[in-house]
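So that you can map any letter, position 83 of the sequence shown is 534 in my numbering, and since no number is skipped, the others follow by simple counting.
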Amino acid sequence: MNRVSAIKIIGSIGLVISMLLNGCTTNSITDNNVSGNDLTATEVIRLMGNGINLGNTLEAYNHKSYVELGVDPTSFETLWGQPVTTRDMIDDMKAMGFDTLRIPVAWTNGINYESGDYTIDERLMNRVDEVVNYALDADMYVILNEHWDGSWWGMFGSADEAVREKGMALYKSMWTQISEHFSDYSYKLIFESANEELCHRLNDSDVTGTEGVLSEDECYETTNRINSEFVKLVRSTGGKNADRFLLIAGYNTDFRKTCDDRYQMPEDTAKDKLLLSVHYYTPWDYCSDGNAKRWGTPGDYEEQNSLFQMLTKFTDRGYGVVIGEYAVMGAANKPDRDKFYANLLDNCDLYNYCPVLWDCSDFYKRALRKTTDENIAKLYSDRRASTEEGKDYSEIQSAARERMDKSTKAAEDEFMAGVSIPASDDTAVAWIMYQSLDSSVQYCVGNKYDPTDMTLGIVANNAVITGEGTYTVSLDFSNCGIPKGVLFSALGIYNGEKFFPDYTISIDEVKVNGEVRELSGKEYTCSDDGNCTRVNLYNQWVTSIPDDSRYTDGDKSGLSATVLSVKDNEILSTLEITFTYSAP
């Protein structure tokens, strides 16, 4: 993915001609270990192609057993359900189209740090070395990090300054040993400062026993300091580390939080050698094994595209960007995974980022040495770095933009095809606004009627309002996930104030899962924006009844913005409201 031609990358015509005349392969020409690290951070990203994580393997954590029992390090690779890593597995990953391997490591598994001795067990170091060489031998880029690791990171947030100092001493000793061990390894080996721990997790209590005391501003400051120490330390160990590419963990590896101005990339004595690491699991309820079953609304595309565009803040300043983790987890046959991945890879082509799939034998079953989804496998095979070799980067960007526009248009067309009542300034439309308690399922929340702003799979029965009368509207959640409880819900009439000013709404009947639900109070009619008429069914943020609210019987007693009673753990399959619309 995003591979520029070898001649452009090397930038040395004499060297390129010499290598071509001697019959060197493309990999030899583009291997930045041949003549020193001549690439910039954005150029190397184009060579890193697609990546994959060796997930739940060398970062599987059992520190106590390792230190006390001296367990062989390979036994830890199976601790979280993965097989012992073999060369053949890594070769398979390369053959499938992955040009980068990220190796998460729990280094304190082999460090008896409680005693004050920060020496990494030689057997652990040698095993990591072995796996690193599997990938380098397969002509892959390799990212080596310090992962969650029992969350010893909470030492940085301790109220005890001595504990904080021990945390930094452990971190610096660890990276000194790693850097020195790998100092002369290929420039294709990249060190990563942390995983997702540089954030509020610096206050974790797992190791210290007490919650940390850092404010968010102090967490940002500590994150910046740790990353700065990482760069200075690695550079000081010499060898290829003097200008090796370094991957700097973003704040919580979160897109938005990392784009906050409080997060700062560290200074570096090497020029153009820093990369940024962020992770992408948005929306979490779809990407995790959560309630949301579907992805691909116009809103979903807009959200992903806008978040990826945010990271140009860093590429514009010459930093390479690595999406160190992303995945749609859960059932292998979860719908729309191919849409999610394809659009994500298109964003990476468009903006020149390296995407690294989080995989724990979900996509590539290591024990069986086969993939679980042939369509996804083809997607990665088609996006391998070699398929884009020789193309001008503008061609790659143009093709990515064309695919993204086509996907977004297809999503819009698909949704509008299922919309019986499109939004219009000339029509008054009634609908149910709904958001589940965990925000995983929602339909058209807000004062503007937009039937495409929804969780994929919801079937909505809305109503055109023509004047006084009785109407029924409903939502069917059967195909969209598992909506639990209610965070917010209201009955809205778009353009109601415009066409039917001062009308009132009285609810005749509410059905939840087909059964009539008694209301716990009296509803009232209001408008927040002067256009949408609404009745709040469950709006816990309203603490007093608006002075301009309207109600049919003239009796203000018992009015409430939370008249619908639904248990927090109650699973909704349908929600139906019948109401009467009355003239003043």
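Note that beta-carbon positions come from the ideal geometry of N, C-alpha and C, so glycine has one too.
query                                                                                                                              : result
Spatial distance of A793 from N507 (CA atoms)                                                                                      : 25 angstroms
Host beta strand (DSSP E) of C805 (start-end)                                                                                      : Y804 to L808
Contact under 8 angstroms by Cβ, F1030 with Y831                                                                                   : no
In DSSP terms, what Y702 is bridged to                                                                                             : The partner list for Y702 (beta bridge, DSSP) is empty, contrary to what the question assumes.
Which residues DSSP lists as bridging A879, in chain order                                                                         : I916
Rounded C-alpha distance that separates M452 from R497                                                                             : Here M452 scores only 42 on pLDDT, less than 50, and its place in the model is too uncertain to base an answer on.
Cβ neighbour criterion (16 or more within 10 Å) applied to V807                                                                    : buried
A941 - DSSP class collapsed to helix/strand/coil                                                                                   : strand
A828 in three-state terms, based on DSSP                                                                                           : helix
As assigned by DSSP and simplified to three states, the class of I774                                                              : strand
Identified DSSP bridge partners for K1038                                                                                          : Shown here, the chain extends from 452 to 1035; a query on residue 1038 therefore has no answer.
Cβ shell of N993 (< 7 angstroms), same chain only, five flanking positions each side left out                                      : Residue 993 is actually Val in this sequence, not Asn. Same-chain partners within the cutoff: N987 and A1012.
Rounded Cβ spacing between N756 and N798 (contact assumed at less than 8 angstroms)                                                : 6 angstroms
Beta-bridge partners of M884, as assigned by DSSP                                                                                  : A941
Endpoints, the beta strand (DSSP E) within which K962 is located                                                                   : T955 to V963
Local Cβ density within 10 Å of N577, reported as buried at 16 or more and exposed below that                                      : exposed
Three CB pairs or more closer than 8 angstroms across the segment 720-729 and the segment 485-495                                  : yes
Beta-carbon contacts of A589 that lie in its chain and below 6 angstroms, excluding the five residues immediately before and after : I541, D542 and K545
Span of the beta strand (DSSP E) around I996                                                                                       : Segment: none, I996 is in no beta strand (DSSP E) and carries neither H nor E.
Short Cβ contact (8 angstroms threshold) for G663 with H730                                                                        : no
Euclidean distance between Cα positions of E510 and Q628                                                                           : 18 angstroms
Cα-Cα separation, M470 to S837                                                                                                     : The pLDDT assigned to M470 is 32, lower than 50, so where the model puts this residue is not dependable; a value taken from the coordinates is nonetheless given after this. Their backbone Cα atoms lie some 18 angstroms apart in a straight line.
Spatial distance of T878 from G701 (CA atoms)                                                                                      : 47 angstroms
T476, DSSP secondary structure in three states                                                                                     : At T476 the pLDDT is 32, less than 50, meaning the model places this residue with poor confidence; the figure from the coordinates comes in the next sentence. Coil, per DSSP.
DSSP bridge partner residues for E966 (one or two, in chain order)                                                                 : V963
Nearest-angstrom Cα separation, counted from G689 out to D635                                                                      : 9 angstroms
Own chain, CB closer than 6 angstroms to D927, minus 5 neighbours either side, in chain order                                      : V910 and T1025
Reduced DSSP secondary structure (H/G/I, E/B, other) of E948                                                                       : helix
The segment 634-651 touching the segment 596-603, judged by at least three CB pairs closer than 8 angstroms                        : yes
Cβ-based burial, E1027 [other Cβ within 10 Å; buried from 16]                                                                      : buried
Sheet register partners of L697 (DSSP bridge)                                                                                      : F642 and L725
Complete alpha helix (DSSP H) runs within the segment 561-615 (minimum length 4 residues, chain order)                             : 573-588
Coil, strand or helix - R852 by DSSP                                                                                               : helix
Expected contact under 8 angstroms - CB spacing of T903 and P749 to nearest Å                                                      : 5 angstroms
Counterpart residues of S925 in DSSP-defined beta bridges                                                                          : N912 and E1027
Neighbour-count burial assignment, R835, 16 or more Cβ in a 10 Å radius                                                            : buried
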